[in-house]
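Scroll down for the structure; my scribbles are underneath it.
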């Protein structure tokens, strides 16, 4: 089970790096590079046993706040042509932040319920 979580940390780091790469044509691409880059870095810290419970929880809460901040007034799905492009884009961005928040919530729960491991200390 321990290896599954390590592998999941690396896999999510790769996925978040890919998500950052896909923002290359976005007007605020640099912001998304930072947002997804931090998520990837946190995932790698988790995979190598260097992420603490409290830090993981802070990541989770920060990305949940970003989700609430980015959520559109009217969610219109993800597919272009189904509604207002601005609402669709905001919905996509918010759901991306929600995915990151959920990943760090799982990491935090994993770290919280493993006793006697050095990762449970604040990084």
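In our numbering, the protein residues as written are 7 to 129. Beta carbons are placed, not taken as given, at the ideal position from N, Cα and C, and that holds for glycine. All values derive from a computational prediction rather than experimental measurement.
**Study point:** Proximal residues to residue 25 (C-beta, below 6 Å), its chain only, five neighbours per side dropped
**Key:** 42
Exercise for review: Could you check which residue in 117, 115 and 84 has the C-alpha nearest to that of residue 101?
Suggested key: 84
Exercise for review: Using 10 angstroms around the beta-carbon of residue 53, count the other beta-carbons present and answer buried if the total reaches 16, otherwise exposed.
Suggested key: buried
Exercise for review: Please state whether DSSP places residue 86 in a helix, a strand or coil.
Suggested key: coil
Review point. Where do the N-terminal and C-terminal ends of the alpha helix (DSSP H) with residue 79 fall, by residue?
Key: First-last for residue 79: undefined, no H or E at that position.
Practice item. With DSSP collapsed to three states, give me the class of residue 93. Key: helix
Practice item. Kindly confirm or deny that the stretch 100-114 and the stretch 68-79 touch, where touching means at least three C-beta pairs closer than 8 Å. Key: yes
Point to revise | Sequence ranges, alpha helix (DSSP H) only - wholly within the stretch 7-71, length at least 4 | key: 8-27 and 35-53
Check your understanding: Can you tell me the Cα-Cα spacing of residue 51 and residue 37, whole angstroms?
Key -> 21 Å
Check your understanding: Can you tell me whether DSSP reads residue 120 as helix, strand or coil?
Key -> coil
**Study point:** Given residue 116 as reference, the closest of 76, 57, 18 and 79 once Cα atoms are compared
**Key:** 57
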